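Letter by letter, the sequence shown follows residues 31 to 454 of my numbering.
Notes follow the structure.
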Amino acid sequence: MTLYLKDATYLDAETLEIRRTNIAVEEGPGGGLSFLETLSGETGGRLVDCGGALVTRAFACGHHHIYSTLARGMPAPPKIPTNFVEVLEYVWWRLDKRLDREMIEASALAAALHMAKRGVTFCIDHHASPFAIEGCLTTIAEAFERVGIGYLLCYELSDRDGKAPAEAGLAEADAYLASGRKGHVGLHASFTVGDDLLRRAVALAEKHGTGIHVHVAEDTADQDHCLATYGKRVVSRFADAGVLALPHTILAHCIHLNPEERRLVRESGAWVVQNTESNLNNNVGLGDYRDLGENVMFGTDGMHSDMLRSAKAAFLAGQGTEGLSFEETYRRFRNVHRLTAAMEAPGDGPNNLVVFDYDTPTEVTAENFLGHFVYGLDSAHVRHVIAQGKLIVEDRKVTTVDEGEILAYAREQGKRLWERLEKV
């Protein structure tokens, strides 16, 4: 069924051209848009009167960890971390070891709900649950589909929990990609991935014609370990292993790189994900992404599900690190769509739209929109969201699932997770 948006102020997400128009939105993963001067009395589809509201392409997240959704308010760790590795050991690795299928499902449903209400209709996720691996990616995919969110998923392979979880992770990635769904082969980071697992991950990605999705030099500890263990720096190790030669590889963070590593990344065409708020939270430093090539995009790293918030944080922090402009901030914000198009990932086409209830005291024009983007628009202005041509958020309420049921389920699973955390 075609969805009609009446009297929309449409902003072209690429050119920033603004026009007052009516829009016909085709349903389905490959659906498109058409612009109509007038609407007939009988449209033959659903009609939404925008009343002149600003309408533009919906948003996408370049790097998420939906398994962190149930962490909000979790019990304190047994020891207060004093560095990045201890943050992983005492917080995130304690949490991911205790996840089960129901907790994963609840995390995915709640994260998808939060994304939808913030205009985010596509998510690239990096998942870890070392003792609940089999079927975990399908569980996440089905949860996202229930809400209406498109996705590219991977499982985070690592040697940190021993041989059995590593083998199970390889099997899960192989089975998931063989099922026909698009995705990546995930790795945690160089310092938890030995040479054999790295080799097998690259071979698996080659088998499925995809790339690796991995954390890179998020903290200096990653570089220190790589130099001490392999006699080379992280990006060089990955380049030698073939990671950078794979299509669509995603390198998350890339904070502590030297000039040679920066050259390797730039010349490879790999995708780099900037996660400013997470980097600030973990006190690992802020990256300078000016010379890493054209393929820099934004993620949340599991901190939240709000891409407008991520863009603003990157802009503000980027003033001191790289003199980040409005134009470059917006380009990175939208770059993720280039990756999804290159991968032919279903669910991130032009028929994903957000309708804002933007109470601006000043005029919005093509010339000044980027100022509104950085300093004005936020997720509180999201009124309607269209995903793959379907109205999944109407008047700030998700239409595809019962919000109350999803959040109640998440709270129930969150309590179970917290009880497990308190036992150790």
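A virtual CB, placed ideally from N, CA and C, is assigned to each residue, including glycine.
Computed from a prediction, not measured in an experiment: that's the story for all the values here.
Cα separation between residue i and residue j?
i	j	result
residue 308	residue 114	11 Å
residue 391	residue 384	20 Å
residue 416	residue 382	5 Å
residue 47	residue 108	54 Å
residue 87	residue 305	22 Å
residue 270	residue 294	11 Å
residue 229	residue 242	11 Å
residue 426	residue 438	19 Å
residue 246	residue 74	51 Å
residue 436	residue 444	12 Å
residue 97	residue 134	6 Å
residue 451	residue 328	31 Å
residue 191	residue 118	13 Å
residue 225	residue 287	21 Å
residue 368	residue 161	34 Å
residue 38	residue 49	8 Å
residue 222	residue 261	16 Å
residue 434	residue 165	26 Å
residue 378	residue 89	9 Å
residue 17	residue 419	The first residue shown for the chain is 31 and the last is 454, placing residue 17 beyond what the model contains.
residue 141	residue 428	13 Å
residue 279	residue 268	11 Å
residue 397	residue 85	17 Å
residue 424	residue 81	14 Å
residue 159	residue 54	42 Å
residue 399	residue 95	31 Å
residue 446	residue 69	52 Å
residue 301	residue 373	12 Å
residue 58	residue 227	38 Å
residue 152	residue 263	33 Å
residue 36	residue 380	17 Å
residue 352	residue 321	10 Å
residue 319	residue 78	41 Å
Less than 8 Å between the CB atoms is what I'm expecting for residue i and residue j, so what's the real figure, rounded?
i	j	result
residue 235	residue 276	5 Å
residue 51	residue 40	5 Å
residue 254	residue 219	The pair is not a contact, with the Cβ atoms about 12 Å apart (cut-off 8 Å).
residue 43	residue 364	6 Å
residue 11	residue 102	Here the chain covers residues 31 to 454 and nothing more, so residue 11 does not appear.
residue 200	residue 182	Actually they do not touch by this definition, with Cβ atoms about 18 Å apart.
residue 265	residue 291	4 Å
residue 375	residue 180	7 Å
residue 111	residue 163	Their Cβ separation, rounded to whole angstroms, is 26 Å, which puts residue 111 and residue 163 out of contact at 8 Å.
Using the DSSP secondary-structure output, state which residues sit across from residue i in a beta bridge.
i	result
residue 64	54
residue 89	150
residue 243	216 and 280
residue 334	Answer is none; residue 334 lacks a bridge partner.
residue 177	According to DSSP, residue 177 bridges with nothing at all.
residue 49	40
residue 221	Answer is none; residue 221 lacks a bridge partner.
residue 163	Residue 163 pairs with nothing; no bridge assigned.
residue 185	157
residue 424	427
residue 326	302
residue 190	The partner list for residue 190 (beta bridge, DSSP) is empty, contrary to what the question assumes.
residue 79	36
residue 417	420
residue 232	Residue 232 is not bridged to any residue.
residue 386	412
Please go through the same chain and pick out, in chain order, the residues whose beta-carbon is closer than 7 Å to the beta-carbon of residue i, but skip the five residues on each side of it.
i	result
residue 144	335
residue 211	171
residue 387	83, 411 and 413
residue 92	154, 303, 327, 328, 329 and 366
Within its chain, find whatever has a CB closer than 8 Å to the CB of residue i; leave out the 5 residues flanking it on each side and keep chain order.
i	result
residue 184	155, 156, 157, 167, 203, 213, 214, 215, 216 and 243
residue 431	139, 143, 176 and 177
residue 209	168
residue 299	323 and 325
residue 409	147, 148, 149, 336, 338 and 339
residue 239	277
Given residue i, which residues of its chain have a CB within under 6 Å of its CB, disregarding the five upstream and five downstream residues?
i	result
residue 347	306 and 316
residue 354	345 and 348
residue 136	439, 440 and 443
residue 250	286
residue 340	328 and 330
residue 149	88, 89, 384, 412 and 415
residue 394	402
residue 132	443
residue 64	54
residue 61	381 and 419
| query | Touching or not, the region 304-321 and the region 260-277, by the rule of three or more beta carbon pairs under 8 Å? | reply | Result no; under three Cβ-Cβ pairs closer than 8 Å.
| request: Examine the Cβ distances between the region 390-405 and the region 320-333 and report whether three or more of them are shorter than 8 Å. | output: No, the region 390-405 is not in contact with the region 320-333.
| Do the region 357-364 and the region 121-133 touch if we need at least three Cβ pairs shorter than 8 Å? | Result no; under three Cβ-Cβ pairs closer than 8 Å.
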